[in-house]
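See below for the structure under consideration.
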Amino acid sequence: MKLNPSKCAFGVSAGKFLGFMVSQRGIEVSPDQVKAVMETPLPGTRRSYNASQASSCVGRFIARFTDELRPFFLAIRKAGAHGWTDSCQNAFEKIKHCLMQPPILSSPIPKEKLYMYLAVSEWAISAVLFRCPSPKEQKPIYYVSRALADVETRYSKMELTALALRSAAQKLRPYFQAHPVIVLTDHPFATFCTSQI
Numbered sequence: 001m002k003l004n005p006s007k008c009a010f011g012v013s014a015g016k017f018l019g020f021m022v023s024q025r026g027i028e029v030s031p032d033q034v035k036a037v038m039e040t041p042l043p044g045t046r047r048s049y050n051a052s053q054a055s056s057c058v059g060r061f062i063a064r065f066t067d068e069l070r071p072f073f074l075a076i077r078k079a080g081a082h083g084w085t086d087s088c089q090n091a092f093e094k095i096k097h098c099l100m101q102p103p104i105l106s107s108p109i110p111k112e113k114l115y116m117y118l119a120v121s122e123w124a125i126s127a128v129l130f131r132c133p134s135p136k137e138q139k140p141i142y143y144v145s146r147a148l149a150d151v152e153t154r155y156s157k158m159e160l161t162a163l164a165l166r167s168a169a170q171k172l173r174p175y176f177q178a179h180p181v182i183v184l185t186d187h188p189f190a191t192f193c194t195s196q197i
């Protein structure tokens, strides 16, 4: 392996890595990404809608990102038909508000027991993987969220919960392979799984 010394930093307490700020505190949104979203003008054209899609890079840091920002993503999809609406503006402001105090994601300790909450709605599935360093403290590791396809919107709540688990397990595969993960949901998912086996 060859390293370019001008692009390397050794012995630093914090630095940029793959577009994120990594420090002893955890993984944070890069200040450059926050600045780009904060300074983005209100989208008025199709081209500026596409520029606004850059805000989706911060989805890893925002709980239920797809669910909360559905109007914004619908505006991007149907820009020619309806244009920029008040609900789009509210969703865009919500992104900015979330980034004013960007969350810090934690890194798990090897072989540590992790927990995952699953959430489903009419148009999105979400999950948050977190660790519990103490009984009253939860530190998020990763937020996962995605919109449902048209066919998936007709699934039952139980099927959506299974889909959320499958989606999260695929996205977070390295965590599932290295740690025991306890899945938490408001549906009697464990009963369903054991009765089907």
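With our numbering, the residue at position 131 of the sequence shown is 131, and numbering never jumps. Backbone N, C-alpha and C fix where the C-beta goes; we use that ideal spot for every residue, glycine too. Note that the coordinates shown come from a computational prediction; the quantities given were computed from them, not determined experimentally.
Exclusion of the five residues before and after F130 leaves S106, L114, Y115, M116, Y117, Q138, K139, P140, I141 as the residues of its chain whose Cβ lies within less than 8 angstroms of its Cβ. Apart from sequence neighbours up to five positions away, the residues of its chain that approach A147 with a beta-carbon distance below 8 angstroms are T66, R70, F73, W123, A124, ordered along the chain. In the three-state reduction of the DSSP assignment, M116 falls in the strand class. By the neighbour-count definition (other C-beta atoms within 10 Å, threshold 16), C98 is a buried residue.
In the three-state reduction of the DSSP assignment, Q33 falls in the helix class. Residue range 157-171 is occupied by the alpha helix (DSSP H) that includes L163. The alpha-carbon of V144 is positioned some 12 angstroms away from that of R166.
In the structure shown, R131 falls within a strand segment according to DSSP collapsed to helix, strand and coil. For I104, the CB contacts under 8 angstroms within the same chain, skipping 5 residues up- and downstream, are R25, G26, I27, E28 in chain order. Under the three-state reduction of DSSP, A147 is assigned to strand.
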